[in-house]
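Numbering follows our numbering, with no gaps: position 97 of the sequence shown is 1574.
Working notes, structure below.
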Amino acid sequence: MTYLDHLEQAKLWLSAAKHVFGLQVETRNKYTVASALAVHAAIKANDSLTTRFLGHVAKRHEDAPALFLELIKRNYLPSEEARHRDTLAEAIREKSAADYHAEFFSKQDAESLIRKVEKFVEMTERHQKSSR
């Protein structure tokens, strides 16, 4: 899979998260599912960056934030992008709860996560374009 495939998938996961979030139906599962989709968008966006610049993805999701910081250390991304590591780390922490419905996410939780992941995906796309 190429880095552009990972990026396209990240954008599709994010689009799906926004779609589910915006559904007119109100159930206690809606925001949990939207959050799970956003988590996958963040992971795929990071996979896009690490595939492009390092040639591989994290072997375990828990390793993704450290791999993201490796991109900064090696100057593939400017140091001001380091703040996005927190978004990735938050998404990874929330992954099990969202994927396996161990807890329910509130509307505010889902909205906040989707907003952060959207910025992460935008940053990823911006740096993919600037490096071609």
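Cβ coordinates follow ideal geometry from the N, Cα and C atoms, glycine included.
Would you call Val-1502 buried or exposed, if buried means 16 or more other Cβ atoms sit within 10 Å of its Cβ? exposed
Are the beta-carbon atoms belonging to Leu-1500 and Lys-1507 less than 8 Å from one another? yes
Status (buried if at least 16 other CB within 10 Å, exposed otherwise) for His-1496: exposed
Would you call Arg-1609 buried or exposed, if buried means 16 or more other Cβ atoms sit within 10 Å of its Cβ? The pLDDT assigned to Arg-1609 is 49, lower than 50, so where the model puts this residue is not dependable, and the model offers no usable value.
Within a Cβ cutoff of 7 Å, which residues of the same chain sit near Ala-1587, ignoring the five residues on either side of it in sequence? Phe-1498, Tyr-1508, Ala-1511, Ser-1512
Alpha-carbon to alpha-carbon, Ala-1487 and Lys-1593: 13 Å
So the alpha helix (DSSP H) Asp-1482 belongs to, where does it begin and stop? 1480 to 1499
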